[in-house]
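Numbering-wise, UniProt numbering puts 171 at position 171 of the sequence shown, and it's gapless, one number per residue. For reference, the structure discussed in these notes is given below.
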Amino acid sequence: MKKVTKETYINWYRDMLFWRKFEDKLAAVYIQQKVRGFLHLYNGQEAVLAGALHAMDLTKDKMITAYRNHVQPIGMGVDPKRVMAELYGKATGTSQGLGGSMHIFSKEFRFYGGHGIVGGQIPLGAGIAFGDKYHNSDAVTLCYFGDGAARQGSLHETFNMAMNWKLPVIFICENNGYAMGTSVERTANHEDIWKLGLGYEMPCGPVDGMNPVKVAEAVDEAIQRARKGDGPTFLEMKTYRYRGHSMSDAQHYRTKDEVEEYKKIDPITQVLDIIKDKKYASDEEIDAINKEVKDMVKECEKFAEDSPFPDLNILHDVVYEQEDYPFIK
């Protein structure tokens, strides 16, 4: 694995803080009804992405996930201004404003969504990996899903085929405890989701999803295995979301005290503590990063606000191929 250096920690702090503040801004503009529909935020889970990106080769590796998908494409290289514009439904967005919050996508940066169907991305992730194996590429696909999606039947079909064909895919369950609002312990006779891999003799195990170093180590090992042709891995990232499942979630299933307890192991705070303890950056340098992040978020917001909405004709253009389709007036 690439060495975790002083620069790594500083970049992790900058990136995770930006992702957090970017989504905090989305929450604020959602209340103002500038962002519509559903909005699922990643607050608290940033270490899962930060650690994985450290282990990946971003010139070829791929990623696919569910609808909690705003910061992943940013990590893969997508311009955050375009991501925010997509959430605003603007023409400058990643899908010209037609996908919205749950459907961020970038072929250029190998980020294949953003999928609104629970568990729908699991077989798609294996399919992407199948394509890489078929074309003799040594790229690896990271396929993310939540603890709720782990109860979908498509997971078992996909695990079986992925092991049978030794596909270069890493299945990552971001277990944030409550799926849409039901605790893991109430959805199955077991709480260790990673053990689902044992039935397929798939390498699997739990990972501390609040620590980017632990995530990077686990993902690196899985990527090396996949590149050698030894097939998939299933990792259960034990993490936590500070906000509700979506903005409409009243969160009656947990207490505020529980949320505050998890904030004591916040991934951003963990990384910042190491930076301070090891004197990787002075207080002035940390303040400069904080200001940089704040300015970047403002820039994204202004870009989204100033961008135009897509022309109504595009709604037809991207759906109907036939120009003289009889039901379009």
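Backbone N, C-alpha and C fix where the C-beta goes; we use that ideal spot for every residue, glycine too.
Subject >> Those runs of the alpha helix (DSSP H) which lie wholly inside the stretch 231–310 and span at least 4 residues >> reply: 256–263, 267–277, 283–306
Subject >> Gln72 burial status per 10 Å Cβ neighbour count (16 or more: buried) >> reply: buried
Subject >> His190 burial status per 10 Å Cβ neighbour count (16 or more: buried) >> reply: exposed
Original post:
How about Asp147: is its Cβ closer than 8 Å to a heavy atom in the ligand HEM?
Top reply: In the structure shown, the ligand HEM is absent, as is every other ligand, since no ligand is present at all.
Original post:
When burial is assigned at 16 or more other CB atoms within 10 Å of the CB, is Arg110 buried or exposed?
Top reply: buried
**OP:** Please classify Gln270: is it buried, with 16 or more other beta-carbons within 10 angstroms of its beta-carbon, or exposed?
**Re:** buried
Original post:
Per DSSP, Lys62 is paired with what?
Top reply: Thr141
Original post:
Can you give the Cα-Cα distance for Ala129 and Ser282, rounded to whole angstroms?
Top reply: 43 Å
**OP:** Kindly indicate which three-state DSSP category Gly113 falls into: helix, strand or coil?
**Re:** coil
**OP:** With a 10 Å radius around its C-beta and 16 neighbouring C-beta atoms as the bar for buried, classify Lys81 as buried or exposed.
**Re:** buried
Subject >> Beta carbon of Pro203 nearer than 9 Å to that of Phe159 >> reply: no
**OP:** Can you tell me the Cβ-Cβ gap for Arg241 and Asn43, rounded? I've got them flagged as a contact below 8 Å.
**Re:** 6 Å
**OP:** Spatial neighbours of Gly37 within its chain, please: CB distance less than 8 Å, with the 5 preceding and 5 following residues excluded, ordered by chain position.
**Re:** Gly100, Ser101, Met102
Original post:
Taking the beta strand (DSSP E) that Asn175 falls in, what are its first and last residues?
Top reply: 169–175
**OP:** Report the three-state DSSP secondary structure of Asp57 (helix, strand or coil).
**Re:** coil
Original post:
Do Val29 and Tyr112 have their CB atoms nearer than 9 Å?
Top reply: no
Subject >> Candidates Val319, Lys34, Pro168: closest to Asp61 by CA position >> reply: Pro168
Subject >> Nearest-angstrom Cβ-Cβ length linking His40 and Ser246, presumed shorter than 8 Å >> reply: 5 Å
Original post:
Do Lys166 and Gly125 have their CB atoms nearer than 9 Å?
Top reply: no
Original post:
Any idea if Pro212 is buried or exposed, counting beta-carbon neighbours within 10 angstroms, 16 or more meaning buried?
Top reply: buried
Original post:
Can you name the residues that DSSP bridges to Pro206?
Top reply: Glu236
**OP:** State the DSSP-derived secondary structure class of Gly100, mapped to helix, strand or coil.
**Re:** coil
Original post:
Quick one: what's got a C-beta closer than 7 Å to Ala55's C-beta in the same chain, skipping five residues either side?
Top reply: Met1, Ala216, Val219, Asp220, Ile223
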